[in-house]
Amino acid sequence: MTQSTDAAPAAGALTFFLLALAAGLGAANLYYAQPLIALIADDIGLDETLASLVVTVGQIGYILGLLLLVPLGDILENRRLIGSIILAAAAGLGLAFASTTPSLFLLAALVYGIGSVVAQVAVPFAAHLARPEERGRKVGSVVSGLMTGILLARPVSSMVAHWFGWRAVFLIAALAMLALAVGLRAALPQRHPGGKATYRALVGSLWPLMRSQPVLRRRAAYQATMFGAFTLFWTAVPLLLSAPQFGLGQQGIAIFALAGAASVVISPLAGWFADRGFSRAATGVALLLAIAGFLVTELGAAMSSVVVLAIGAIVLDCAVTANLVFGQRAIFMLAPEIRSRLNALYIATFFFGGALGSALASPLYERGGWGAVTIAGIAIIALALAYYTTEFRRRD
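Encoded structure:
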């Protein structure tokens, strides 16, 4: 079955489910290591002050993949592109499983980070398949898969590591990606975008696109700060939970991480609001909720209450997820023929914020405790809130 970009073909629930699964498993690859940084660093001999690199290098790989691979979605047949990227992720995960030194593991993280961008080919594909009047809801369902992968990656990896060791996490992930590649090849329709640009021209067009699309710049800035705060929290919180104050092991951290998965229900709801034109007001609500979430986590840390800490995590995650849907819906309404590049720029920008957030987590926590993490998280989101107020002075 061959499709072009001229009109959105009929697509059933199974197609969107497979795209959501691809988005979820692809995104999860970046976060399996997050609650395992202490275990991995100890096993491969990585200094604990540099332990955050286990997560950060994967995110750097993801940014490279976004800028160098995802734009190919505008000129190459999408089903084949998705399959090739998934195989790269499987290779990186397999290398991580076999790594015995810091340099080898970090190389593996870079490779599986690059391969994890399959999620960002899947999301524009879903936008193409959906009718305009339901695009927000359909994109929201695939983003739900993406966020489910991000949020479940931590508890799943913690639980698997508790029973079988951290290496088993990467072996299982590699096998799952291989199985997904086979399934997508059999079930997804072909999509030939019809673009005629050369690869050099395609990549070279990214910066001019960013400069020419004010909506893209604004939405990317909002989500970069939100995602930076998100990764700051989720990279630092395992350190807090495993400290004597809470004394949780990998199994306890896994159960805590399940709290964040509750936020996946927000994606379709956010898409519904976006389809009805409420994205602007809802963005402000999301930013305020993210700040409130951090304040609740500070209260939980002060009370030594896992329950209160988990409530704050849920509020923060719901805010970040909703804002992601608002942003993607907005940029997917701009220009269908450059949708992959717009999405690549959007995701790359906010993952750069995420990489900074995860890199700051260990040193902030080691030097200033949870209070330093809370202050940094709120300060980051406050920058986005200040920028958001300019929407009421001039409309992009």
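The numbers in UniProt numbering rise by one with no breaks, and the one at position 251 of the sequence shown is 251. From the three backbone atoms N, C-alpha and C, an ideal C-beta is built for every residue, glycine too. Since we're looking at a predicted model, the values are computed, not measured.
{"Query": "CB-CB under 6 Å to Gly-357, same chain, minus the five flanking residues each way: which ones, in chain order?", "Result": "Gly-228, Thr-231, Leu-232"}
{"Query": "What did DSSP end up calling Arg-393 once you bin it into helix, strand or coil?", "Result": "coil"}
{"Query": "State the DSSP-derived secondary structure class of Arg-200, mapped to helix, strand or coil.", "Result": "helix"}
{"Query": "For Gln-34, name the three-state secondary structure that DSSP assigns.", "Result": "helix"}
{"Query": "Tell me Arg-219's beta-bridge partners as DSSP assigns them.", "Result": "None, per the DSSP bridge assignment."}
{"Query": "With Gln-251 as the anchor, note down where its alpha helix (DSSP H) starts and where it stops.", "Result": "250-261"}
{"Query": "Let me check one thing: in DSSP terms, what residues is Gln-245 bridge-paired to?", "Result": "DSSP output for Gln-245 lists no bridge partner at all."}
{"Query": "Using a threshold of 7 Å, state whether the C-beta atoms of residue 398 and Ile-63 are closer than that.", "Result": "Examination of residue 398 is not possible in this model, given that the chain is present from 1 through 396 alone."}
{"Query": "Report yes or no: do three or more beta-carbon pairs, one from the segment 336-350 and one from the segment 68-82, lie closer than 8 Å?", "Result": "yes"}
{"Query": "Let's test the definition: count the other Cβ atoms within 10 Å of the Cβ of Met-1 and tell me whether it reaches 16, buried, or not, exposed.", "Result": "Interpretation of Met-1 is limited by its pLDDT of 45, a score under 50 that renders its predicted location unreliable; no figure is taken from the coordinates."}
{"Query": "Quick check on Ala-7: buried or exposed, where buried means 16 or more other Cβ atoms within 10 Å of its Cβ?", "Result": "For Ala-7, the pLDDT reaches just 48, beneath the cut-off of 50, and the residue's location in the model is therefore unreliable, leaving the point undetermined."}
{"Query": "Any contact between the segment 147-157 and the segment 26-36? By contact I mean 3 or more CB pairs, one from each, below 8 Å.", "Result": "yes"}
{"Query": "Does the structure place the segment 258-277 close enough to the segment 289-300 that three or more beta carbon pairs sit under 8 Å?", "Result": "no"}
{"Query": "Using the C-alpha atoms, what's the distance from Gly-183 back to Leu-67?", "Result": "26 Å"}
{"Query": "Work out the CA separation of Ala-310 and Arg-200 for me, nearest whole Å.", "Result": "46 Å"}
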